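Input: a single structure, listed below in structure tokens.
Residue numbers (this note's numbering): 2 to 96.
Below you can see the structure in the form of structure tokens.
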């Protein structure tokens, strides 16, 4: 994180998760997750943005999330993010 107090700040994060073993004994792939966030202050008003999972890492890109039929699905064990890339932002007022 880098910050100029009472002006702005920016943060970068990067996470690595190595190969895991599921409860079935199956070994699954490793993966990376990256994000960036920033905030700019204007007196009592702050604007911020957040970019999560910039690499769009999600389990559904590598394999189906269920097998069998829709009526009787057999779901995979979850071991990585499911929601992919996320962007959000907003404002904050301090008094």
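Positions of the beta carbon are idealized from the N, C-alpha and C atoms, including for glycine. Only a predicted model underlies this, so the values are computations on that prediction, with no experimental measurement involved.
Residue 6 classed as buried or exposed, judged by whether at least 16 other C-beta atoms fall within 10 angstroms: Residue 6 counts as exposed, since fewer than 16 other C-beta atoms from the protein chains shown sit within 10 angstroms of its C-beta.
What's the gap between the Cα of residue 79 and the Cα of residue 60? Cα-Cα distance, rounded: 8 Å.
Which residue from 56, 89, 77 puts its Cα closest to that of residue 66? Comparing Cα positions, the closest option is 77.
Could you check what DSSP says for residue 70 in three-state terms: helix, strand or coil? DSSP places residue 70 in coil when its eight states are reduced to three.
Below 9 Å between beta carbons: does that hold for residue 56 and residue 37? Their beta carbons are not under 9 Å apart, which means residue 56 does not touch residue 37 by this criterion.
Three-way DSSP call (helix, strand, coil) for residue 62 in this model: Reduced to three states, the DSSP call for residue 62 is helix.
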